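Protein chains: 2
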Amino acid sequence: MRDLEWFQNLNQDAETKIVLLVLDGLGGLPAVTEGLTELEKANTPNLDDLAFQGICGLHTPVAPGITPGSGPSHLALFGYDPLQYQVGRGVLSALGIDFDLKHKDVAARGNFCTLGEQGLINDRRAGRISTDKNLELCALLQEIKLPGIEIFVETVKEYRLLLVLRAEGLGADLADTDPQEVGMKPNPPQALKPGSNKTAELLRQFLDQAQQLLADHHPANMVLLRGFAKKPVWPSFEDVFGLRSAAIAGYPMYRGVAKLVGMEALEAMDDVGMEFQTVRERWDDFDFFFLHIKGIDSAAEDGDFERKVALIEEVDAYIPELLNLNPDAFIVTGDHSTPSTLGSHSWHPVPVVLWSKHCRPDDVKQFGERACIHGGLGPRLHAVDLLPIAMANAQRLKKFGA
Amino acid sequence: MRDLEWFQNLNQDAETKIVLLVLDGLGGLPAVTEGLTELEKANTPNLDDLAFQGICGLHTPVAPGITPGSGPSHLALFGYDPLQYQVGRGVLSALGIDFDLKHKDVAARGNFCTLGEQGLINDRRAGRISTDKNLELCALLQEIKLPGIEIFVETVKEYRLLLVLRAEGLGADLADTDPQEVGMKPNPPQALKPGSNKTAELLRQFLDQAQQLLADHHPANMVLLRGFAKKPVWPSFEDVFGLRSAAIAGYPMYRGVAKLVGMEALEAMDDVGMEFQTVRERWDDFDFFFLHIKGIDSAAEDGDFERKVALIEEVDAYIPELLNLNPDAFIVTGDHSTPSTLGSHSWHPVPVVLWSKHCRPDDVKQFGERACIHGGLGPRLHAVDLLPIAMANAQRLKKFGA
Chain A
252 MRDLEWFQNL
262 NQDAETKIVL
272 LVLDGLGGLP
282 AVTEGLTELE
292 KANTPNLDDL
302 AFQGICGLHT
312 PVAPGITPGS
322 GPSHLALFGY
332 DPLQYQVGRG
342 VLSALGIDFD
352 LKHKDVAARG
362 NFCTLGEQGL
372 INDRRAGRIS
382 TDKNLELCAL
392 LQEIKLPGIE
402 IFVETVKEYR
412 LLLVLRAEGL
422 GADLADTDPQ
432 EVGMKPNPPQ
442 ALKPGSNKTA
452 ELLRQFLDQA
462 QQLLADHHPA
472 NMVLLRGFAK
482 KPVWPSFEDV
492 FGLRSAAIAG
502 YPMYRGVAKL
512 VGMEALEAMD
522 DVGMEFQTVR
532 ERWDDFDFFF
542 LHIKGIDSAA
552 EDGDFERKVA
562 LIEEVDAYIP
572 ELLNLNPDAF
582 IVTGDHSTPS
592 TLGSHSWHPV
602 PVVLWSKHCR
612 PDDVKQFGER
622 ACIHGGLGPR
632 LHAVDLLPIA
642 MANAQRLKKF
652 GA
Chain B
252 MRDLEWFQNL
262 NQDAETKIVL
272 LVLDGLGGLP
282 AVTEGLTELE
292 KANTPNLDDL
302 AFQGICGLHT
312 PVAPGITPGS
322 GPSHLALFGY
332 DPLQYQVGRG
342 VLSALGIDFD
352 LKHKDVAARG
362 NFCTLGEQGL
372 INDRRAGRIS
382 TDKNLELCAL
392 LQEIKLPGIE
402 IFVETVKEYR
412 LLLVLRAEGL
422 GADLADTDPQ
432 EVGMKPNPPQ
442 ALKPGSNKTA
452 ELLRQFLDQA
462 QQLLADHHPA
472 NMVLLRGFAK
482 KPVWPSFEDV
492 FGLRSAAIAG
502 YPMYRGVAKL
512 VGMEALEAMD
522 DVGMEFQTVR
532 ERWDDFDFFF
542 LHIKGIDSAA
552 EDGDFERKVA
562 LIEEVDAYIP
572 ELLNLNPDAF
582 IVTGDHSTPS
592 TLGSHSWHPV
602 PVVLWSKHCR
612 PDDVKQFGER
622 ACIHGGLGPR
632 LHAVDLLPIA
642 MANAQRLKKF
652 GA
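Taken in sequence, the protein lines are chains A and B. Note that the numbering used here has the first sequence beginning at 252, numbered continuously upward. Note that the numbering used here has the second sequence beginning at 252, numbered continuously upward.
Structure follows, in C-alpha cells:
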C-alpha cells in the first residue's frame, strides 16, 4: 500500500523548492454550447507558456463524478487521500481563525440565518451581515452558560461563526442542524451515535437560548450549525514529505486545512499581488509554498463568467514573477471545478500544469480544459498523485527498490 | 481486490504465445528544450510500424512520481504488484548467478570498493576491477570462517559480489553498510529489528576479517554490502497465468527476478542478436518469452544520448524477425525511464506498444514518448495491468462472471 508512511521512507533532502498555486474553482464549462470555458476564454499568455514548457492534464480531486468540498480537495493536493483523511468543517473553521482547538473539543461551523414565519428559514446567510455585526452577536451568544462545559462562540467572517464545546466525553457524531435549503425549519440537534447523545442535548439547550437571545436581531435571528467534528491526529506534511511548508491564503478555511497537516500559515491577506509578494519575501524560509487564490471561485459561485475570466487573467500576470524565483517544481491548478454556469463546485476534472526543468514535455500549448485532455499527465490524474510527481521533479524522492 | 489468485482462476489454456521485449531504461527526455527524446530521435521504422498497427501508451511502473529500481519495475511487468511483492537486492543477485538460495539464507549484494585515507570511501566500485580479479578476491574471502554458520562469497561481475550467510535463525532486517556516497566511511552492520542482532554481529566479524585480507589488494581493499534479504515465497508465474515462460537476459539481475517468479532463465548472453536467435530456437518450448536488452539503460546511465539512440535503432532492426515467428501478443516497452540527461533511472512514464491481431488500433503512428500520450493504452497505464491485457489479446483469459 502507498500510504503516507511510505513517502516518509522515500523522501530525501534536497535544496529544491516546490510551489503549488491553487486557483480556487478553476475548472469551468462553456457558457454556450461549443463556446469556450472561462479559462479558455481568458487571455493567459503566461499560463499558456507554462503549459507549452511543462506537462499538462486534468486531475480528479476525490473520485470520478464526485464534487469535492474545499477540505477534501485541498488534502488531495497536499498528497493526503481525502477518503482516508476526513475532517469536519467545524475543525477547519476553527483552524482558520487560529482558534486553539483541543482534541477533546467538538467544533461546528455556524451561520447566522434569518427565520421567518412559522420558524422557516428565509435566508441561510442572514442577508450577509457585516463582520462587525457578527462580532456583536457572538459576544451576546458567548453569554450562554451550560453546566459542566465551556462554550466558545467565535466570529469567522460576515455571517459565519464557529461554535466549540469543550468538555471530557463529548461526541461529534451529530447531524447538521443546517438543512442547507430555505423554506425549511432548522433540524433539531441529533446524535448519529450513542456516544454523542449528551452533546446533542447540550446543543439543544444552547440553540434554545441562542434563539431567545437573537429574537430581536433580525435578519440574524438564528444560528445554523454544520460539520460537527473533532480535531484529527495525522502525520504532518513536513514529516511525510520532508518539506518546510508555508500556506499563503486570504480565507480562513484554506489556512485551516493547511495548518491541519502542519503547514505554517503566514499572515492572512486577501490581495493577489500581496500573496505573490509574500512568496518572494519568504522564499528562503521554506521548501514548499501553497498559494491560494479565492476570488475565482467566488466569481463562479456568483455565476459571474466574465469576472471569473478577468480574475484568471489577473493571476496570469503574476506568473513570470514567480518563475523568476526559480522554483524547481511549479504546479498551477484548481482545487476543484466551479463552472459559473452552475454557480457551485462541480465534479468536472481540474486543469493542471506542472512545470519543472525535468518534466517531459507534451504537445499542449494552451492552458485550458480541452487542451489539457491531451497532456502527459492525462485527463484523469488522481489529485493525490500530483504532489509525489512534483516531489520527483524537485528530486526529493529516492528510488524505490533496487 | 484483483490479486494473483484472481488471475489464477481466470486463465485458460490456449495455443498462443506472448513476447515481452524490455528495452531497459527506454523512456527518456529531450537533450535540449523542445528537442526530441532518445526514442523520438532514433530511426525506428519497425517499431513505428508496430505502433501504427498496435496500441500504444505510457506505463507507470510503480506509482506516479516514483523512480523504480529494476526489481520492482520488472515484477510489475510480470503482473506482480511491486508494492505487494517486495524483494531485496541480495536475493536478486543470488538468483541472477544461479546461486541456490535457501529460505533460511540471508543474502546481500556486495561491491568491492576502495578505501582511502582515514577509511573513507574513494570509489564505490574499486576502479571497476575485472571479473577475473573479482574471482581471485572472492576465493580469498571464502577462507573466512565463523562459528556455526556457512558463508558463501560469490563473484557476480566486475566489482559486484554476493554474500550469503547460511544458518538457522538468521534475520535479514539489516541496514546497508554501503552509504552509496564517496567521502564517507562504510556503515557498521546494524540490525533494524532485534531478530537480526545476531546476524549483525556475524557481519561485523566477517567485515573485520575481510578488511584485513584485502588490505594489500588496493583498489579493491574493502567490501560494501547492501540489500540484505531472504528469499520470499510467492505464487509462480506459471501457476498464476498458466504460461510456460522463458527469460532471456544477459545480465544476472534480470534472470534473477524472472526466476523469482518461477520463469526458466535460459543461458545468459550479452548480444542482442543472440537473444533474438534464442527466442527463435526455443519458440516451440514456451508460451511466454521475456526478452531483456540491457545496453540502452547502460548508455543512458553513462549520459550518452547518441549511444542510447544507436542501441534503440539496433534493436529496431530485429523486430521483423520476431514478428515472423507469429506471436499472438507482442509487447515492446521499458522497465522504467532512464533519460540520458539525468544519467539515472527516473519517474517518467515509459512508452509501450502492444501488438496483436486482436488489439484495437489507435491513431499513434510513431513509437515515441509524445506520440504515445495519445495512444489507446493511455498516458498513465499502471504497469501491472499490461500483462493481463496481453493475456486477453492472446485469448488466455476467460470471461469474468456470467
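Just so it is clear, CB atoms sit at the ideal spot from N, CA and C, and this is done for glycine as well. Model, not experiment: these values are computed from the prediction.
Pairing A/A498 with A/F541 gives a Cβ-Cβ distance under 9 Å. Setting aside the 5 residues that flank it on each side, B/A265 is surrounded in the same chain by A645, Q646, R647, each with a C-beta closer than 7 Å to its C-beta; the list follows chain order. Going by C-alpha positions, B/D427 is about 4 Å away from B/R477. Within the same chain, and ignoring the five residues on either side of B/G347 in sequence, the residues whose Cβ sits closer than 6 Å to its Cβ are P503, M504, R506, G507. For the pair A/S591 and A/A282, the CB atoms are nearer than the 9 Å cut-off.
Looking at the backbone, the Cα of B/R631 and that of A/N297 are separated by about 27 Å.
Contact of A/Q617 with chain B is not assigned, every C-beta pair being separated by 9 Å or more.
Under DSSP, A/D374 takes part in a beta bridge, and its partners are A/T365. Of the residues B/L397, B/A500, B/G399, the one whose Cα lies closest to the Cα of B/E515 is B/A500. Listed in chain order, the alpha helix (DSSP H) elements of length 4 or more contained wholly in the segment 466-552 of chain A are 488-492, 503-511, 523-532, 546-552.
Under the rule that a run must span 4 or more residues, the alpha helix (DSSP H) segments found entirely inside the segment 550-581 of chain A read 556-567, 570-574. Looking only at A/P437, A/P578, A/S324, the smallest Cα-Cα distance to A/A314 is reached by A/S324. Our two residues, A/Q337 and A/V635, have alpha carbons roughly 14 Å apart in a direct line. Short of 8 Å from the beta carbon of B/G367, and not among the five residues preceding or following it, lie these beta carbons of its own chain, in chain order: N373. About 19 Å separates the Cβ atoms of B/P439 and B/T365, ruling out a contact at the 8 Å cut-off. Under the three-state reduction of DSSP, B/P630 is assigned to strand. The beta carbon of B/R379 sits closer than 7 Å to those of E409, Y410, all from its chain and outside the five residues before and after it, given in chain order. The beta carbon of B/R621 falls within 9 Å of a beta carbon belonging to chain A, placing the residue at that interface. Of the other Cβ atoms in all chains shown, fewer than 16 fall within 10 Å of the Cβ of A/K649; this residue is therefore exposed. Contact between A/L328 and A/L638 holds: their C-beta atoms lie close to 7 Å from each other, under 8 Å.
Between B/G322 and B/L343 the beta-carbon gap is near 5 Å, inside 8 Å, which marks them as a contact.
Of the other Cβ atoms in all chains shown, 16 or more fall within 10 Å of the Cβ of B/W606; this residue is therefore buried. Runs of the beta strand (DSSP E) lying entirely within the segment 374-461 of chain A, each at least 3 residues long, are 401-408, 411-417 in chain order. The three-state secondary structure of B/N294, taken from DSSP, is coil. Here A/L272 is bridged, per DSSP, to A/L542, A/V583. Assignment of beta-bridge partners to B/V601 by DSSP yields B/H310. In the assembly as shown, B/F539 is a buried residue. Its beta-carbon has 16 or more other beta-carbons within 10 Å. In the three-state DSSP reduction, A/A282 falls in the coil class, being neither helix nor strand.
Rounded to whole angstroms, A/D424 and A/K481 show a C-alpha spacing of 9 Å.
Counting C-beta pairs closer than 8 Å gives three or more between the segment 611-628 of chain A and the segment 298-318 of chain A, which meets the contact rule. Judged by DSSP in its simplified three-state form, B/V635 adopts helix.
Close to A/I544, with beta-carbon spacing below 8 Å, lies no residue of chain B; the smallest spacing is near 25 Å. The beta carbon of B/I317 sits closer than 9 Å to some beta carbon of chain A. Bridge partners of A/A358 according to DSSP: A/V415, A/A480. At a cut-off of 9 Å between beta carbons, B/L593 contacts chain A. Looking at the backbone, the Cα of B/R375 and that of B/S487 are separated by about 35 Å.
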